[in-house]
Amino acid sequence: MKFLLFWTIFLYSTNEIRSKVISHKSYEEALYEELMFDYNKIPRPVKNSTEVLLIHVGSSLIRIIDVDEKNQVLTTNLWLEMQWTDAKLTWDPKKYGGITALHIPSDMIWVPDFVLYNNAAGDPDITIYTDALVTYDGRVNWQPPAIFKSFCPIDVTWFPYDTQNCTMKFGLWSFTGHYVDMKQLPAEKVKIAQDEDGSDVEFLEDGMDLSFYYKSAEWDLLQLTSARHSVLYASCCGPETYVDVTYYFFLRRKTLFFTCNLIIPCFLISFLTTFVFYLSDHKITFSISILVTLTVFFLVLIDIIPPTSLVIPMFGRYLVTTMVLVALSTVISVVTVNFRYRRGSAYKMSPWVRTIFLNCIPKLLMMSRPEKSPKKEEHSNSLVDASALIAMPSLAYPIPSTEIKSKKKQKFAGENLKDKKLPVTDISNLPPSYEEQMENTSFCQPNGSSSSGPSKKKLDPKNVKEKVNDLIFLNLIRQVKFIAEHFRRNEEESEEANDWMFLSMVLDRLFLIIFSILNAGAFLVILQAPSLYDTREPLNITAPTKPLGQANIHSLRMKF
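Just so we're aligned: 396 in this note's numbering is position 406 of the sequence shown, and the numbers increase by one with no gaps anywhere.
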């Protein structure tokens, strides 16, 4: 009896003290102290240890900060939202001035260890612990903002006209599905679908709220879905099932920047390769300049794309093909320049080359050689006339000077020289009889004695003068013969050099056509990109409404 009396007095006095304390404090402060008194945030906030704690998870996408292709990292800014029931955080609003909700620091209560499974850099968990909104019936609504860097495998096959599929996989790190389960928000839009393995998953077509989404300047958001999975993982105590919510991002790159700053300049520079074959000089310098420029573009591409050996980017294939074409044009330019400046005296063209490249291919390319000018033909005819004069049979034997004088006008002005035009090669056929006879003829000394041989023959001064005139005429014939031979050889060498020059022109025209076709074919690689024909519109941004949790917390109260 004494013990019961003592216990009754103790309880009464305690209530009196508490009522006096509450009267001196605000209801909110008193409620906070009441809830936090002897609160343990380590165990799960459930009444029964066998009870499964249900957490509703949702998020709002604020911004796609960056898609790092080289490091394969997707950086996003999210407003997360988690709702659950804490059995320890309940009160009677009538006792605390009608207070139905209270803001409590999230580091003072139990919160799920919500982490990003495919984290690439930085903190995988939530680092900003904002206050949680707690209602009188124990419902907790926590909306922490966070910036996540998730791993996103970049497919550079069609870069820069590519689309990327990225995922963000969230879940609880410590608790298995037997202790904590997760559902998606908003719950009324969840559908049942099948994944790639054929198992049923909870699918949400509108995976994130886009009310406060800022459009990216580089990427179009085509689709954003989410799905809940239950995955079996190996652990120390055997296989355990963990629940996760995965968000799927379907992104398409905006191509205006790379088209204007990368594709068009590269295409114009590669198109200049065809004009190499229009130049007569400086071909090699021009080709090497183009090759160096394309190398710079290739280095820019290497700095952008990830160092993968699985696939070659579309733009990389185009650059490599163009660089090979430019390198080939440089080699061909060396060959054509060598042909263009070949001397006819040093290089003789083979018959098959002459037949193919001077007769057949020019007809296919609709090319014709320029005709000889009239001045060159008159010059050639004059050489033939001079050679005909030398090759006349009348000059093969000694002719008296008087007969030469009498017939000079007839031979140089008559019809014989005009009609008889022998080939230039007949100059070498001059008979040596007249020349030898003139050299072997001995002239008498003034005293009448001969200088050679035992026979002595006296010539008249008139005969000596005629012999001297004949020697002078013979010397003139020799000079004409040499000049005619020299002009003949120059003309042959000039014709041979012109053939080599025309051969280089034919090669230039031929490779001009070939490289034009190859450049057009290389550009067709870019036109194969699927995103060029993707007419899907990006997701529409809805007008800003209430935050996700406030819009759904009341509708979900009956479902907890």
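Virtual Cβ for every residue (Gly too), placed ideally from N, Cα, C.
Residue i, buried or exposed, once every other Cβ within 10 Å from all chains shown has been counted against 16
i: V515; result: exposed
i: K353; result: exposed
i: S494; result: buried
i: C250; result: exposed
i: Q73; result: buried
i: S13; result: Unreliable placement is indicated for S13, whose pLDDT of 46 sits below 50; the coordinate value is still reported in the next sentence. Label assigned to S13: exposed.
i: F472; result: exposed
i: P421; result: Note that P421 scores a pLDDT of 46, beneath 50, so its modelled location is shaky; the value from the coordinates is reported in the next line. Exposed, because fewer than 16 other Cβ atoms sit within 10 Å of the Cβ of P421.
i: R565; result: As displayed, the chain neither begins before -9 nor continues past 550, which places residue 565 out of reach and without an answer.
i: M304; result: buried
i: A111; result: exposed
i: D152; result: buried
i: I32; result: exposed
i: I280; result: buried
i: F267; result: buried
i: F27; result: exposed
i: P150; result: buried
i: G197; result: buried
i: D271; result: exposed
Residues that residue i bridges to, as DSSP identifies them
i: M72; result: V47, W132
i: Y204; result: R53
i: S551; result: This structure gives no information on residue 551, because the portion of the chain shown stretches from -9 to 550.
i: F160; result: L106, V235
i: E24; result: The partner list for E24 (beta bridge, DSSP) is empty, contrary to what the question assumes.
i: F138; result: T66
i: K181; result: F193
i: Q154; result: L241
i: A122; result: I94
i: T215; result: Y238
Three-state class that DSSP yields for residue i in the structure shown
i: Q518; result: helix
i: A510; result: helix
i: Q62; result: coil
i: R242; result: strand
i: W342; result: helix
i: H93; result: strand
i: V290; result: helix
i: W490; result: helix
i: V170; result: strand
i: D210; result: strand
i: S484; result: helix
i: D460; result: helix
i: S225; result: strand
i: D271; result: coil
i: T312; result: helix
Short Cβ contact (8 Å threshold) for residue i with residue j
i: R53; j: W100; result: no
i: V316; j: L289; result: no
i: Y126; j: P95; result: no
i: Y17; j: G87; result: yes
i: D210; j: K244; result: yes
i: V130; j: M172; result: no
i: T215; j: E195; result: yes
i: D58; j: R242; result: no
i: V170; j: V47; result: no
i: P143; j: Q62; result: yes
i: L79; j: L25; result: yes
i: L287; j: N155; result: Residue identity check: residue 287 is Phe in the sequence provided, not Leu. Cβ distance not < 8 Å, so F287 and N155 don't count as in contact.
i: V327; j: K273; result: yes
i: P102; j: Y119; result: no
Contact test: residue i Cβ vs the ligand NAP heavy atom, cutoff 7 Å
i: T525; result: Within the structure as shown, the ligand NAP is missing, as the structure has no ligands at all.
Original post:
Is it true that the stretch 130 to 138 meets the stretch 89 to 108, where meeting means three or more beta-carbon pairs spaced less than 8 Å apart?
Top reply: Three or more beta-carbon pairs separated by less than 8 Å link the stretch 130 to 138 to the stretch 89 to 108, which places the two stretches in contact.
Original post:
Using 8 Å as the Cβ pair cut-off and three pairs as the minimum, do the stretch 340 to 355 and the stretch 495 to 504 touch?
Top reply: The stretch 340 to 355 vs the stretch 495 to 504: in contact.
Original post:
Taking contact to mean at least 3 C-beta pairs separated by less than 8 Å, is the stretch 153 to 160 in contact with the stretch 179 to 191?
Top reply: Counting Cβ pairs under 8 Å, fewer than three are found: no touch.
Original post:
Are the stretch 470 to 485 and the stretch 306 to 320 touching by the rule of at least three beta carbon pairs closer than 8 Å?
Top reply: In short, these stretches do not touch, since the Cβ pair count stays below three.
Subject >> Contact the stretch 260 to 268 vs the stretch 291 to 304: 3+ CB pairs below 8 Å >> reply: Output reads no: the stretch 291 to 304 does not touch the stretch 260 to 268.
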